[in-house]
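Residue numbers (this note's numbering), protein chains in the order written: chain A, 1 to 335; chain B, 1001 to 1335. Inspection log for the structure reproduced underneath, given as structure tokens.
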């Protein structure tokens, strides 16, 4: 058997911690023999949850952390002050090489800051982008960057494109992934200063399959596998996706309650509609990787279910086995 | 009776010109006695369409323009070279004071360039933003700017906020419209350089109801009436709106065809679903104004129906009667 993959799970992170985080961890153990899990957080709380399940006690252990970082705390301050929080303690395990990956459904800001300052970037990587998968008509595309570091430079975007391409090829299994840059028109001369500067650099990259610009209207169609953009724009795309899908669904539901005929129809379509929405919106695989770090950090939704946490953990196996960080080092940092 | 409002309609603009443009113009005449219409384009083609209808011949006339600017022509070159195009001829009528407004479903790029260089900006206005209405759960919000001039400065965004506020209050009839700036978090210290610079300036404006930042996920909820952003971001929001709504609807339809039960349900809900989608996506009132110009320019969708063209024309009445340009001059250019 190959070496064990050691994954830290922030037991205290997310709206429904620690019950869903612990359950997700226990369920992930059953999926693969290869993983061992370290739960960070308050030992008593975690122990109480663990007692509900039967599991391989050799493969799960607790590392105590007294503090929890809340969703409303200023991230930089929280990471600096709360050394004994489940996030900082967990990230330090990765930093010291005692674990390979860290999964958390806690504060996005704190995870991004902690990723950069506790785990640290791979030497030569200028920025660590947050890269969620977003649903499309053809499956899912990687939206890179959606992090907190806005006002990126062209060189950052080029690294995002190359890291995103490696991730999609080796973790998501998309052969020769199509890389596109978000733009306001299809032509090369279109765009803002940043895009105009980045476009020719991406064209020169021989290690990616650059297909040019993508307009926002074509993103949901799945016209590219890796969608490169600056974090402000990425954040707008990601959040508008969520917001618009949710509003549209609410409007449709409201509309269906308007007549007796449509009410009956609504009952009949309910299972199919639910399935479609779940398939479409559920393409995010439980968590978004923060790429380019010395180790893997995965950010799961604050509202994650135990299934989401499980998926986020499983994602780390592929990342580790495919040696993504080694590939990033080889391809991006040896120039 | 008050003075006639003279509206130029680009008879040749759009996917279905000149039949829908001419029909839209004739239908608009019936809605209001106040308007007179000038159709620009090829006289013979227009005449042939006009012959299909009965209308008040005193209130509609043709100004011949031999050329048409296509959707795929580089805008700056097209406006410069095609002096005898329906767009340039029509805009010159507005520039010379022979008409009050110009409506076109033609090339967005050409309309934006022509607006700036043929019609010209109001003195003191730094940029003319394109401001479409986008649908929300509460009705519609003005998204300003979605034009072609990216990389805006803070002072531009402040003018957009103030012009947008005047438009929403006096044309859309929203009392004391809530103005928000698109951001990646709700807090004042969040954002990119541009947003951080603009935010305090908006806070200082005493003539608008600035409510702070809006995250993209809250735009479809209708949490603000005027959504201020730089044109690159506005373009992404506008096009993602279109693209995501269309993809989601397609996925839902496909899902409904998956079982016999849902197929029957689909038949029953069809009218209600269609009505909902029409109500939700049809909030754009036919056209988007290009604000801050010496006259009004309205950009209608390339795929406009005659009803859309009619709505775009009617929109010009309110704009003219409420003396929006005078209000912009008074409020924005006397400092």
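Here a beta-carbon is modelled for each residue, glycine too, at the ideal position from N, C-alpha and C.
Note on geometry: alpha-carbon atoms of residue 1297/B and residue 181/A lie some 31 Å from one another. The residue from 1254/B, 1261/B, 1272/B, 1286/B with its alpha-carbon nearest to that of residue 270/A is 1261/B.
Less than 8 Å separates the beta-carbon of residue 1025/B from that of residue 1309/B. In its chain, beyond the 5 residues on either side, 1180, 1181, 1182, 1183, 1185, 1186, 1187, 1188, 1190, 1191, 1195, 1199 have a beta carbon closer than 8 Å to the beta carbon of residue 1213/B. Chain A places a beta carbon closer than 8 Å to that of residue 1192/B, counting this residue as a contact. The C-beta of residue 1088/B comes no closer than 8 Å to any C-beta of chain A. Residue 92/A sits in a helix when the DSSP states are folded into three classes.
Residue 258/A reaches chain B at 1272, counting residues in chain order whose Cβ is nearer than 7 Å. In the DSSP annotation of this structure, the continuous segment of the beta strand (DSSP E) that includes residue 102/A starts and ends at 101–104.
Per the C-alpha coordinates, the member of 1287/B, 1323/B, 1128/B positioned closest to residue 1313/B is 1287/B.
With a cutoff of 8 Å on beta-carbon distance, residue 178/A and residue 149/A are scored as not near each other. Under the three-state reduction of DSSP, residue 1287/B is assigned to strand. Where residue 200/A is concerned, the enclosing alpha helix (DSSP H) starts and stops at 193–204.
Only buried fits residue 14/A, as 16 or more other CB atoms lie within 10 angstroms of its CB. Residue 1225/B is a Cβ neighbour of residue 1174/B, given a cutoff of 8 Å.
Closest by C-alpha distance to residue 1067/B, out of 1040/B, 1234/B, 1124/B, 1239/B, is 1040/B.
Neighbours of residue 71/A across chain B, judged by C-beta separation under 7 Å, do not exist; the nearest C-beta is about 12 Å away.
For residue 218/A, the nearest beta carbon of chain B is closer than 8 Å to its own beta carbon.
In this chain, the alpha helix (DSSP H) harbouring residue 170/A covers 154–170.
Each of 36/A, 56/A, 110/A was checked against the Cα of residue 72/A, and the nearest Cα belongs to 110/A. In the three-state scheme derived from DSSP, where H, G and I count as helix and E and B as strand, residue 1178/B is classed as strand. By the CB criterion at 8 Å, residue 160/A and residue 135/A fall outside the cutoff.
Contact with chain A is absent for residue 1304/B, since none of that chain's Cβ atoms lies less than 8 Å from the residue's Cβ. Residue 1139/B: member of the beta strand (DSSP E) spanning 1139–1144, first to last residue. The Cβ-Cβ distance between residue 1146/B and residue 1231/B falls below 8 Å.
Taking C-beta separations shorter than 7 Å and ignoring five residues to either side along the sequence, the partners of residue 1324/B in its chain run 1166, 1167, 1170, 1171, following chain order. In this structure, residue 1091/B sits away from residue 1063/B, with a CB-CB distance that is not shorter than 8 Å.
Judged by DSSP secondary structure, residue 1217/B falls outside any beta strand (DSSP E); it is assigned neither H nor E. Beta-bridge partners assigned by DSSP to residue 1085/B: 1067/B.
With fewer than 16 other beta carbons inside 10 angstroms of its own, residue 1047/B counts as exposed. For residue 36/A, the enclosing beta strand (DSSP E) begins and ends at 35–41.
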